Amino acid sequence: MLAHSVKRVVGAVPTLFILITLAFFMMRLAPGGPFDAEKALAPEVQANLDRIYHLDEPLPAQYARYLGNVVRGDLGPSFQYQDWTVNELIARGLPVSLRLGVTALVLALLLGVTAGTLAALRQNAATDHAVMTAAMTGISIPNFVMAPLLILVFAVWLGWLPAGGWSGGALRNMLLPVVVLTLPLVAYIARLTRGSMIEVLRSDYIRTARAKGLPERTVVLRHALRPALLPVVSFLGPAIAALLSGSLVVEQIFGLPGIGRYFVQGALNRDYTLVMGVVIFYGSLVIVMNVIVDLVYAWLDPKVRY
Amino acid sequence: MAAAAEPILVVDDLNVSFDTRDGELRAVRGLDFALYPGETLGIIGESGAGKSQAVLAVLGLLPTNGRATGSARYRGRELIGMPGSELNAVRGARIALVFQDPMSSLNPYLRIRTQMVEVLAHHAGLRGVEARRRAVAMLEAVRIPDAVRVLERYPHEFSGGMRQRVMIAMALLCDPDILVADEPTTALDVTVQAQVLEILRDLQRSRGIATLLITHDLGVVAGQCDRVLVMYAGRIVESGSVDGIFNQPQHPYTADLLRSIPRLDRQGRLNAIAGDPPDPMLAPPGCPYAPRCSHRFERCDRERPLLGARLSGAAACHLDAAGD
């Protein structure tokens, strides 16, 4: 199992390499540069900056230098946040993004699995229809629509919650961003769970469990839940990716000092190293999370063993 | 054989129907039978005759679109309509089930130990070492070698025959009064079938468990059963002792079934019964077997024959005497 995980991580190196290469050249293809401003800089100042940041070298040389640094774990200096390296910026934003993401994921799993299971047990009854309608709504509304709507209702009209800001991760500040991140995932997980749970409840081994005279709770929790969760676990990989991209939007709209916000700011300011650093970091994160998801899957399904 | 004793299970006018998109499907139509302590009663019939649905209905195991009416009394207690919590005290403990397909009937995600011990924990309050000991003893009783290690394995690590033995062991954990075996060997290789049947027969005899054996295999019936019910289109068309049914079938359907058994000592084509069983959505007035029956006469299309006593057993046929 450990060997398998190591193999998976090592196998991801080419993927990461392609990711870095694409990010590097696409960033350079974007018009403008990191030091463009309303008022053009003096040519000698521009030349100085270019020299310090090695922007005067030919592109292949810059690429090679960057790759070399990345291999050593150095994502370079930020172009925009002077005196900060990209490593430092990511380290500073990580606690915020992590807290947001983990809360949203845990909440999405808890609520989604519960709602989906209840819907499956009351198939075609009122509960089922209510859950599925709510789920469809949750899936259909994009986060960049939901976030401003929630701010409008709960911050502007009702004044119950702040419209943005982090305040060290206070619950009041976390609430709306977490809701925006969680809802579509809850919806999707609920639908997945419902579908697989209905399938599992019809299976022969559930009939056996009932024939053994086990109480319904044991039948569902011990016999049905584990297999019903397998599709949900498979979805966790894409879910984590969705959370990361969702966090870019959410952190920007709510003004949260996380990695996603740095990324958006970096992209707007042509902060080459910052954008690439976040891409590499999130790319590695998705790869590692997918390996973990595989391990969880193998743990749930005894037929899968590495 | 045990006709003098009180029956342990009495099924009376049992009806099973399913709500389907095309309307109501009636799988079992007015089934009556009694099971006596210690005997093996075979229920035979082709696929769709309603055999399995009848026993599932008795134990409240019908799918959600299924509905059972009528009566099924276990030691005088009505099972049809019994609340789930009460039924759970009977199922798996007093009346145990073994299903057809051992590949899919064991939970592939749980160790054999978990699946066996939970039965003991739920019905007998046994846990830990004592429950394990009972599980091992039961696995050994169904002749599973290395039972201690088998407990820690998952179902997919075993062959079909082994899994079916595990199913049988699991069913017998709480010393049930009744064992319902629903096509227990249909999914197994022929050589394995014989072993599993032998194990079933031995355990049933040594423990005096009344067995309801559902099968479409006349050979299995001949080897295992004391009495036989022949079902056709949701009804019993003939009942009697194994000897009677095999030697003097009273209903043309039974006779046709017996003729359709492949025989190694005979040449020529297999005698399949022409035609198909009636559509369970419809209920024509006459005998359900009439369209396929070689003895059919005018009355058969008009009036459904009721189960009436014969020289041996009973049959539902307008012909007075034996099949021919």
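Chains as they are written, first to last, in our numbering: chain A, 1212 to 1517; chain B, 756 to 1079.
Cβ atoms here follow ideal geometry from the backbone N, Cα and C, with glycine treated the same way.
Source: prediction; values computed, not measured.
Can you give me the start and stop residues for the beta strand (DSSP E) that residue i sits inside?
i	result
M986(B)	982-987
F773(B)	764-775
T966(B)	965-970
Q779(B)	First, the residue type needs correcting, since residue 779(B) is Glu and not Gln in the sequence shown. Taken as a continuous stretch (DSSP letters only), the beta strand (DSSP E) holding E779(B) covers 778-790.
S826(B)	821-829
I1263(A)	Per DSSP, I1263(A) belongs to no beta strand (DSSP E); it is in the alpha helix (DSSP H), 1254-1263.
Could you spell out the range, first to last residue, of the alpha helix (DSSP H) harbouring residue i?
i	result
T795(B)	Per DSSP, T795(B) belongs to no alpha helix (DSSP H); it is in the beta strand (DSSP E), 795-799.
G999(B)	997-1002
R1057(B)	1053-1057
I954(B)	945-962
D1415(A)	1415-1422
D1339(A)	1337-1351
Taking all protein chains shown into account, do 16 or more other C-beta atoms lie within 10 angstroms of the C-beta of residue i, making it buried, or fewer, making it exposed?
i	result
G1279(A)	exposed
L769(B)	buried
P1039(B)	exposed
D937(B)	buried
H1434(A)	buried
M756(B)	Because the pLDDT at M756(B) is just 47, under 50, the model does not fix this residue reliably, and the value given afterwards should be weighed accordingly. When all chains shown are included, M756(B) counts as exposed.
A1071(B)	buried
D957(B)	exposed
M1212(A)	exposed
Q919(B)	buried
T819(B)	exposed
T1484(A)	buried
S1308(A)	buried
D774(B)	exposed
K1514(A)	exposed
H1265(A)	exposed
T1226(A)	exposed
M1228(A)	For the sequence presented, residue 1228(A) should be read as Phe rather than Met. Exposed: under 16 other Cβ atoms inside 10 Å.
Determine, using beta carbons only, whether residue i and residue j come nearer to each other than 9 Å.
i	j	result
E873(B)	K1423(A)	yes
F1492(A)	L1286(A)	yes
R1047(B)	G1030(B)	yes
L967(B)	V810(B)	yes
C929(B)	L852(B)	no
V1490(A)	I1301(A)	no
I954(B)	V903(B)	no
Y1416(A)	L934(B)	no
P931(B)	R982(B)	no
A1036(B)	R781(B)	In the sequence under discussion, the amino acid at residue 1036(B) is Met, which differs from the Ala named in the question. Yes. Within cutoff.
L1403(A)	V1431(A)	no
G831(B)	L1425(A)	no
V975(B)	Q948(B)	yes
Less than 6 Å between C-beta atoms, sequence neighbours within five positions excluded: which residues of the same chain meet that for residue i?
i	result
L842(B)	G815
V1460(A)	N1354, F1355
V765(B)	A789, R828
A988(B)	P1032, P1033, P1043
Beta-carbon within less than 7 Å of residue i's beta-carbon, same chain only, minus the 5 sequence neighbours each way: which residues are those?
i	result
A1076(B)	Legend: pLDDT at A1076(B) = 44, less than 50; position of this residue unreliable, no value from coordinates given.
G1067(B)	Note that residue 1067(B) corresponds to Ser in the displayed sequence, not to Gly. Around S1067(B): G995, S996, G999, Q1003.
N1501(A)	G1448
F1235(A)	Y1274, Y1277, M1487
Y909(B)	P863, R866
Give me, in chain order, the residues of the same chain whose beta-carbon lies closer than 8 Å to that of residue i; leave out the 5 immediate sequence neighbours on both sides.
i	result
V1497(A)	G1448, I1451, A1452, L1455
L906(B)	R866, I867, R868, M871, R887, A890, V891, L894
D1079(B)	At D1079(B), the pLDDT of 42 sits below 50, so the modelled position is not reliable; the number obtained from the coordinates is stated separately. Here the set comprises P1007, A1010, H1050.
A758(B)	Interpretation of A758(B) is limited by its pLDDT of 49, a score under 50 that renders its predicted location unreliable; no figure is taken from the coordinates.
Quiz item: Any residues in the stretch 1331-1361 of chain A with a beta carbon nearer than 8 Å to a beta carbon of chain B? Which ones, in chain order?
Solution: Q1334
Practice problem: Compile a chain-ordered list of the residues in the stretch 864-897 of chain B whose CB is closer than 9 Å to at least one CB of chain A. | Solution: Y864, L865, R866, T869, Q870, E873, V874, H877, H878
Quiz prompt | Residues of the stretch 833-850 of chain B with Cβ closer than 8 Å to any Cβ of chain A, in chain order | solution = G839, S840, L842, N843, A844, V845, R846, G847, A848
Self-check item: Interfacial residues, the stretch 1415-1434 of chain A to chain B, with Cβ spacing under 9 Å
Solution: D1415, Y1416, I1417, R1418, T1419, A1420, R1421, A1422, K1423, G1424, L1425, P1426, E1427, T1429, R1433, H1434
Exercise. Scan the stretch 1437-1449 of chain A for residues whose Cβ lies nearer than 7 Å to a Cβ of chain B and list them as they occur along the chain.
Key: Hits within the stretch, in order: R1437, P1438.
Exercise. Mind checking the stretch 799-828 of chain B against chain A and listing, in chain order, the residues whose C-beta falls within less than 9 Å of any C-beta there?
Key: L811, L814, G815, L816, P818, T819
Self-check item: Cβ-based contacts, 8 Å cut-off: residues of the stretch 764-789 of chain B near chain A
Solution: none
Practice problem: Select from the stretch 1498-1515 of chain A all residues with a C-beta closer than 8 Å to any C-beta belonging to chain B, and list them in chain order. | Solution: Residues L1511, D1512, P1513, K1514.
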